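To keep things clear, I will list the structure first and then write my remarks on it.
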Amino acid sequence: MNINKNLVYIEIINDKGGNIDKGTERKIENTMIIEDYKRCSGDEIEDIVNIYNFSSIYLKEGIERLKNVHKIRNKKPKLIIAAPSNNIVRLAERYLNKIGCNVMVAEYRNGLEIEDMKNLVLEEDGDLGILYSEDCERIALTDGFNIVQDEKYYLLSLLIGFKTGEIKEAVIPYNFPRIVEKIAKKYNSKTIYTKSNISDLIQTIVNKELDFQFVLSFDGIWATGKIIDYIVDNDIVLNKLLQELPEYFYFKKEIPCKWDNKGNIIRRLTEDRKEGVELKEGIRFIDDKGWALIIPDEEKPRFNLYIEGNDEEYAEELWEKYDNKIRRLLKD
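Taking my numbering, the leading residue of the sequence shown gets 1, the next gets one more, and so forth.
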């Protein structure tokens with residue numbers, strides 16, 4: 001969760017509040033590079049619309065979405081939070097204090113990881129540690145023993161949604177562990193797969209009006225409130241909740257390659273095997289013990305390799321097999 005302060009990050013949002021797709025992004029980039037546009041005059045630039053006291057409106061709306069604020073205020077869970085952005089950590093502190101939590105803000109040092117928060121939770125006898133990302137869209141959790149981030153966090157949020165009935169149809173990135181299907185089936189819910197990039201994922205969630213999944217996936221502050229609301233209402237600790245997640249064996253790996261090698265490698269991998277192959281995004285090889293997914297990265301000169309196996313040994317076997325295969329093809 002490190003920030004490169006020498007870079008400027010620009011995100012363009014569409015009319016539904018989701019990130020624009022990669023195709024539109026590339027069109028804008030190309031238009032800017034070749035300057036294929038008319039410059040407008042100063043009087044054509046619209047005025048900035050300021051929404052005053054927006055943070056208070058945001059906090060109020062976030063509190064109203066919770067069902068058990070009175071229980072949280074009675075229990076007063078002790079939370080330790082940190083974030084790269086001072087604005088984010090202060091907003092999170094205000095929100096969590098308002099719903100009744102006892103909040104301690106940890107000093108964010110460059111390179112602070114959830115492992116550091118884990119140790120801090122133990123030292124301070126806290127109930128939960130939360131590390132927010134720089135844009136507050138992602139969070140990592142710890143109870144001092146377990147670490148919940150990335151895929152495990154996404155699985156946990158879906159589990160809560162399935163158990164409460166808030167999610168009956170979940171949008172899943174194509175590169176995600178298929179163990180999610182087992183969880184969904186247990187709670188009579190469905191899964192819909194979308195491309196792995198953020199714009200497709202957000203757009204599908206927005207189009208399906210899956211508010212609960214959107215909050216837990218892309219609003220770290222409100223997501224924290226939702227998780228605490230569930231834990232307190234059900235009188236359950238994080239460790240117990242995590243035990244409800246099935247065991248899974250999933251790996252991710254990045255393999256460097258030249259930009260102009262991507263299409264050739266995918267084509268040769270496709271020719272190599274005809275059965276048990278999906279071409280919905282990149283190329284996915286499937287057998288009865290696991291799968292391997294190879295996706296050319298959209299922004300960097302590399303392949304992203306995703307592996308899931310029925311057991312750790314087979315997952316590592318798949319990993320080694322396809323890593324070696326791609327590297328061999330790159331040398332030919």
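Just so it is clear, CB atoms sit at the ideal spot from N, CA and C, and this is done for glycine as well.
As the structure is a computational prediction, the values presented were derived from the model and not from experiment.
- Residues of the same chain with a CB within less than 8 Å of the CB of Arg73, apart from the 5 flanking positions on each side, are Ile99 and Gly100 in chain order.
- The C-alpha of Asp200 lies about 24 Å from the C-alpha of Lys185.
- Residue range Ile179 to Lys186 is occupied by the alpha helix (DSSP H) that includes Ala184.
- With respect to the 9 Å criterion, Gly129 and Leu112 are not classified as neighbours on the basis of their beta carbons.
- Residue burial annotation: Lys195 is buried, with at least 16 other C-beta atoms found within 10 angstroms of its C-beta.
- Under the three-state reduction of DSSP, Asp287 is assigned to strand.
- Under the three-state reduction of DSSP output, Phe251 falls in the strand class.
- Ranking Arg178, Tyr154, Ile294 and Glu278 by CA distance to the CA of Lys262 puts Ile294 first.
- Counting of Cβ neighbours within 10 angstroms places Tyr230 among the buried residues, the total reaching 16 or more.
- Positions of the alpha helix (DSSP H) runs, each at least 4 residues long and wholly inside the region 125-212, are given as 150-164, 179-186 and 198-207 in order along the chain.
- From the listed residues Asn310, Glu124 and Glu35, the smallest Cα separation to Pro177 is found for Asn310.
- The Cβ atoms of Ser85 and Cys136 sit closer than 9 Å to each other.
- Remark: C-beta atoms of Asn102 and Asn239 do not approach each other more closely than 9 Å.
- For Leu79, no alpha helix (DSSP H) segment is defined; the enclosing uninterrupted segment is the beta strand (DSSP E) at Lys78 to Ala82.
- Comparing alpha carbon positions, the residue from Ile202, Glu11, Ile192 and Pro296 closest to Asn264 is Pro296.
- Counting along the chain, Val89 sits inside no beta strand (DSSP E); it lies in the alpha helix (DSSP H) bounded by residues Asn86 to Lys98.
- Per DSSP, Asn6 is not a residue of any alpha helix (DSSP H), being assigned neither H nor E.
- If you draw a straight line from the Cα of Tyr154 to the Cα of Phe249, it comes to about 15 Å.
- Per DSSP, reduced to three states, the secondary structure at Val105 is strand.
- The region 319-330 makes no contact with the region 211-220, as fewer than three CB pairs between them are under 8 Å.
- Residue environment for Phe54: exposed (fewer than 16 other C-beta atoms within 10 angstroms of its C-beta).
- About 5 Å separates the CB atoms of Gly220 and Tyr132; that is less than 8 Å, so the two are in contact.
- Following the DSSP letters along the chain, one finds Glu271 inside the alpha helix (DSSP H) bounded by residues Lys262 to Asp272.
- When DSSP states are grouped into helix, strand and coil, Leu242 belongs to the helix group.
- With a 10 Å radius around the Cβ and a threshold of 16 neighbouring Cβ atoms, Asp260 comes out exposed.
- The closest CA to that of Ile202, considering only Asn19, Glu181 and Ile10, is found on Asn19.
- Between the C-alpha atoms of Ala170 and Lys38 there is a straight-line separation of about 43 Å.
- Going by DSSP, Arg73 is part of the alpha helix (DSSP H) stretching over Val69 to Lys75.
- Taking the C-beta atoms as reference points, Ala82 is found nearer than 9 Å to Tyr108.
- Going by beta carbons, Ile255 and Asn304 fall inside the 9 Å limit.
- Contact check for Trp291 against Glu308 passes: the beta carbons are separated by less than 9 Å.
- In this chain, the beta strand (DSSP E) harbouring Asn304 covers Arg302 to Gly309.
- CA-to-CA, the gap between Ile160 and Asn110 works out to about 32 Å.
- Exclusion of the five residues before and after Arg302 leaves Glu254, Ile255, Pro256 and Cys257 as the residues of its chain whose Cβ lies within less than 7 Å of its Cβ.
- For Tyr187, the closest of Arg268, Gly144 and Lys168 by C-alpha to C-alpha distance is Lys168.
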